[in-house]
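First comes the structure, then the notes that go with it.
2 protein chains.
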Amino acid sequence: MDFKEKIVTQARLAKKASRSLASLSSSSKDQALRQIAELLLENENKILTANQKDIESARGKQLSEAMIDRLTLTSARINGMADGLREIAAQPDPIGSVDRMWKRPNGLEIGLLRVPLGVVAIIYESRPNVTSDAAGLCLKAGNAVILRGGSEAIHSNTAIIQIIEYSLESTGLPKESIQLISFTERQAVQELLRLDEYIDVVIPRGGESLIRAVVENSTIPVIKHFKGVCHTFIDDKADLLMAQKIVINAKVQRPGVCNAMETLLVHKNISDEFLPSIIAKLRDHGVEIRGCSKTQAFVPDVIPASEEDWFKEYLDLILAVKVVDSIDEAIDHIHHYGSMHSEAIVTSDYQLARKFLHEVDAAAVYVNASTRFTDGGAFGLGAEIGISTQKLHARGPMGVKDLTTTKYIIYGDGQIRE
Amino acid sequence: MDFKEKIVTQARLAKKASRSLASLSSSSKDQALRQIAELLLENENKILTANQKDIESARGKQLSEAMIDRLTLTSARINGMADGLREIAAQPDPIGSVDRMWKRPNGLEIGLLRVPLGVVAIIYESRPNVTSDAAGLCLKAGNAVILRGGSEAIHSNTAIIQIIEYSLESTGLPKESIQLISFTERQAVQELLRLDEYIDVVIPRGGESLIRAVVENSTIPVIKHFKGVCHTFIDDKADLLMAQKIVINAKVQRPGVCNAMETLLVHKNISDEFLPSIIAKLRDHGVEIRGCSKTQAFVPDVIPASEEDWFKEYLDLILAVKVVDSIDEAIDHIHHYGSMHSEAIVTSDYQLARKFLHEVDAAAVYVNASTRFTDGGAFGLGAEIGISTQKLHARGPMGVKDLTTTKYIIYGDGQIRE
Chain A
21 MDFKEKIVTQ
31 ARLAKKASRS
41 LASLSSSSKD
51 QALRQIAELL
61 LENENKILTA
71 NQKDIESARG
81 KQLSEAMIDR
91 LTLTSARING
101 MADGLREIAA
111 QPDPIGSVDR
121 MWKRPNGLEI
131 GLLRVPLGVV
141 AIIYESRPNV
151 TSDAAGLCLK
161 AGNAVILRGG
171 SEAIHSNTAI
181 IQIIEYSLES
191 TGLPKESIQL
201 ISFTERQAVQ
211 ELLRLDEYID
221 VVIPRGGESL
231 IRAVVENSTI
241 PVIKHFKGVC
251 HTFIDDKADL
261 LMAQKIVINA
271 KVQRPGVCNA
281 METLLVHKNI
291 SDEFLPSIIA
301 KLRDHGVEIR
311 GCSKTQAFVP
321 DVIPASEEDW
331 FKEYLDLILA
341 VKVVDSIDEA
351 IDHIHHYGSM
361 HSEAIVTSDY
371 QLARKFLHEV
381 DAAAVYVNAS
391 TRFTDGGAFG
401 LGAEIGISTQ
411 KLHARGPMGV
421 KDLTTTKYII
431 YGDGQIRE
Chain B
21 MDFKEKIVTQ
31 ARLAKKASRS
41 LASLSSSSKD
51 QALRQIAELL
61 LENENKILTA
71 NQKDIESARG
81 KQLSEAMIDR
91 LTLTSARING
101 MADGLREIAA
111 QPDPIGSVDR
121 MWKRPNGLEI
131 GLLRVPLGVV
141 AIIYESRPNV
151 TSDAAGLCLK
161 AGNAVILRGG
171 SEAIHSNTAI
181 IQIIEYSLES
191 TGLPKESIQL
201 ISFTERQAVQ
211 ELLRLDEYID
221 VVIPRGGESL
231 IRAVVENSTI
241 PVIKHFKGVC
251 HTFIDDKADL
261 LMAQKIVINA
271 KVQRPGVCNA
281 METLLVHKNI
291 SDEFLPSIIA
301 KLRDHGVEIR
311 GCSKTQAFVP
321 DVIPASEEDW
331 FKEYLDLILA
341 VKVVDSIDEA
351 IDHIHHYGSM
361 HSEAIVTSDY
371 QLARKFLHEV
381 DAAAVYVNAS
391 TRFTDGGAFG
401 LGAEIGISTQ
411 KLHARGPMGV
421 KDLTTTKYII
431 YGDGQIRE
């Protein structure tokens, strides 16, 4: 069997498994999730040995240290995977609830029943802990899942999937509910992305080029999470002490994530008072500043920002800084250069807060808080499968409920259309 | 300016217009909708003259009578367009409502604000009345819209869009809110489908090949409405008089639409009693029957159904009939051959009704009613832009609310992430 045929078979079996998963009780799903968690811990050594192979091969290929770090599993990370699964098991089951139900004049009762999406494909890069997180969230929502991790993590992922398959079988669930594509060829992803007959949605997780490639090639609907080029705008009516705390938190607390701030926008009226001190403080935290010409006028030794800097997701201790004439210029800048992820204003002015909230077109818009809060946990949604920057289906942090859909159920007693 | 450049410019202007539309009051939008309705009626002759050109050209190209019928506007159809717009104006505005709002332990208040999608592109075939329906629904939801109708209707659509543009300007809305792509080249659609920078969603309306082509080529998220291969399963515990009424209604009342029944599934235990009489009644209504071998055993003169018949959306007075051994065989048949549109069971058995509702994976699942009810009007959702057979974002009849999305709004007082 060539790999194309094998992938089609996997997808067909996933579709079949998804039919049984759709009507599983919550307790069966939760039992399987807890079983996977337990067996991951019991098989820690096996997973670490497999992971070691991936790491050695990555070193042989001279991959970057950052990539090797993402690839590396430790006892603590395996514990984190197990905890994640238990947390997912403890969440309420979204499936089976009827969101609304109403009666038509002809007596038909029409309801919206929450049901699984069906089969979800997750395409991700080298982090093997995504394997259990993504599998767990999909299973909780009653979906079958096809996982395609980065080729660098193939040994780790294979070890993890074996444990998952064993757990599924031992708790009476079809083992095809959670499958790994074991072909590391790029062509395997291309094949997968054309299987709209079996797969209901694709979620790519990783860098911009991965996501762009999935969008370009998929005939299956995609939920995408592009980069986070997040801004914070400090209005001239801001509490400057609050602004300082928020700016430092949004840039410094964890610079490598998508909800960290990449560009600071400062109203011209407070630039002389605010810019020199905030730039000094950011530098104390090791932040490199790239500024517009007006910023350079206030702080002569900042590096000049190029046009490209305004588009950049640094994911690092680098910050672009721009002085703007008005809130309108700030909003225009955000719309032109931003990625519709998380945007904040710091202001004490009621009208401007309201204007910013309503006019800024992004997944999350903040007044007087750090953009770092954009995630499922911080929003109180539970574990998340990603943060959608698209507008269809799900926008912002995506939890278990975003892995479901609805169907209309209609109870009649013989109604026909006149 | 070549046509590619022109289309990019149109899309960019639509994006710009969408920013103002997002914060328009309901009354401004409704006023514009009513103004368009009024001017369509006032300019009836102008529209009919343009339409006449399209019809002559279609006759010259020897297009089918069915296509010419879809292309033809009459005084009654223009009245229908105007009524449709007034109905849309009378509906509640979905924009600006906060679906939920909650407070986190750290004091952050997080809400889900309903907002427009942004820019919607509608790609459709030769019916010029879609031009005003689609434009009206998009505008009501605060979206800018780019319309690309079939080349056969170009004169009619141009006449309609001129009236729309004039109405927008005279009520103070940006005229780029509703735009027509006037290039009839196929390449124009290809260009449009790559403009994900400006367009947020594409909705194709038309036959399967149009929709398939859009899905294949679009980098913009697509909401699709594939064909409706709808089934009705008559269980052996059905009230056969009710079954007869439902079957005839689902097939005969309006066979050319997507929610009409295409295949009848009958439980073997009632085939001898039910099949001969229902087939005779259907034939009285002019329906051609294509049956499985068991159906032929009961009614020897039915045409044998081929494998392809089970996949067919006849949209005509033709019905495929199959005898099944059990509800499980019926559900498997539906999943294998169906299009996840509308499916019905007729039964008096509680467990089987429940099983069918839960296990059948379709946009609308009925117990004891005709599949013909699947539409926005019959469900009580108001005017619809189509019926989604996909699972993401919207499933089933799509009304104004399905042309919106949400964004998280977060009110803080200086919160930072620890």
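So the sequence lines, in the order shown, correspond to chains A and B. Here this note's numbering is used: position 187 in the first sequence is 207, and no number is missing along the way. Here this note's numbering is used: position 139 in the second sequence is 159, and no number is missing along the way. Note that CB positions come from ideal geometry on N, CA and C, so glycine has one too. All of these numbers come straight from a predicted model, not from anything done at the bench.
Taking 7 Å as the Cβ-Cβ cut-off, the stretch 103-127 of chain B approaches chain A at Trp122, Arg124, given in chain order. CA-CA distance, glycine 416/A to alanine 37/A, rounds to 29 Å. Selection Glu217/A, Ile254/A, His305/A, Leu260/A evaluated against threonine 283/A yields Ile254/A as nearest (Cα-Cα). The beta carbon of leucine 68/B lies closer than 7 Å to those of Leu93 in the same chain, with the five residues before and after it left out. Counting only runs that start and end inside the stretch 264-335 of chain B, the alpha helix (DSSP H) elements of at least 4 residues fall at 288-304, 313-318. Beta-bridge partners of glycine 416/A (DSSP): Ser408/A. Within chain A, the residues placing a beta-carbon under 7 Å from that of methionine 262/B are Gly434, ordered along the chain. Here the alpha carbons of lysine 81/A and aspartate 422/A stand approximately 38 Å from one another. Between glycine 400/B and histidine 245/B, the C-beta spacing is not below 8 Å.
Straight across, the Cα-Cα distance linking isoleucine 323/B with valine 341/B is about 10 Å. With contacts defined as CB atoms closer than 8 Å, lysine 427/A and leucine 133/A qualify as a contacting pair.
The alpha carbon of glutamate 328/A has as its nearest neighbour, out of Arg303/A, Ser291/A, Ile75/A, His356/A, the alpha carbon of His356/A. Think of a sphere of 8 Å around the beta carbon of histidine 287/A: no beta carbon from chain B falls inside it, the nearest being about 18 Å out.
With contacts defined as CB atoms closer than 8 Å, glutamine 30/B and isoleucine 166/B qualify as a contacting pair.
If you check the CB distance, isoleucine 240/A and leucine 213/A come in under 8 Å. Between alanine 57/A and alanine 102/A a beta carbon distance of about 4 Å is seen, short of the 8 Å cut, so the two are scored as contacting. Within chain B, Ile436, Arg437 have C-beta atoms less than 8 Å from the C-beta of arginine 392/A, given in sequence order. Assignment of alpha helix (DSSP H) within the stretch 125-156 of chain A, counting only whole runs of 4 or more residues, yields no such run. Per DSSP, reduced to three states, the secondary structure at histidine 251/A is strand.
Under the three-state reduction of DSSP, leucine 167/A is assigned to strand. The stretch 38-56 of chain A and the stretch 170-177 of chain A do not touch, with fewer than three beta-carbon pairs separated by less than 8 Å.
Scanning Asp153/A, Asp89/A, Val139/A for the CA closest to the CA of arginine 54/A turns up Asp153/A.
Membership of leucine 91/B in the alpha helix (DSSP H) is indicated by the continuous run 85-91. Residue contact check for valine 385/A against chain B: a CB pair falls below 8 Å. A distance below 8 Å separates the beta carbons of asparagine 289/B and aspartate 256/B. Here alanine 110/A carries a helix assignment [DSSP, helix/strand/coil]. Beta-bridge annotation (DSSP): leucine 200/A is paired with Leu167/A.
For asparagine 269/B, the residues of chain A that pass the 7 Å Cβ criterion are Ile436, Arg437, in the order they occur in the chain. The Cβ-Cβ distance between threonine 424/B and valine 140/B does not fall below 8 Å. Taking serine 368/B as the centre and dropping the five residues before and after it, the same chain places the C-beta of Lys257, Ala258, Asp259 closer than 7 Å to its C-beta, in chain order. A residue is called buried once 16 or more other Cβ atoms fall within 10 Å of its Cβ, and methionine 281/A is buried on that count. Judged by DSSP secondary structure, glutamate 172/B falls outside any alpha helix (DSSP H); it is assigned neither H nor E. For lysine 342/A, the pairing in a beta bridge is given by DSSP as Leu285/A. Secondary structure at threonine 29/A: helix, using DSSP grouped into helix, strand and coil. For valine 242/B, no alpha helix (DSSP H) run applies, since DSSP gives it neither H nor E. Close to arginine 415/A, with beta-carbon spacing below 7 Å, are these residues of chain B in chain order: Thr425, Thr426, Lys427.
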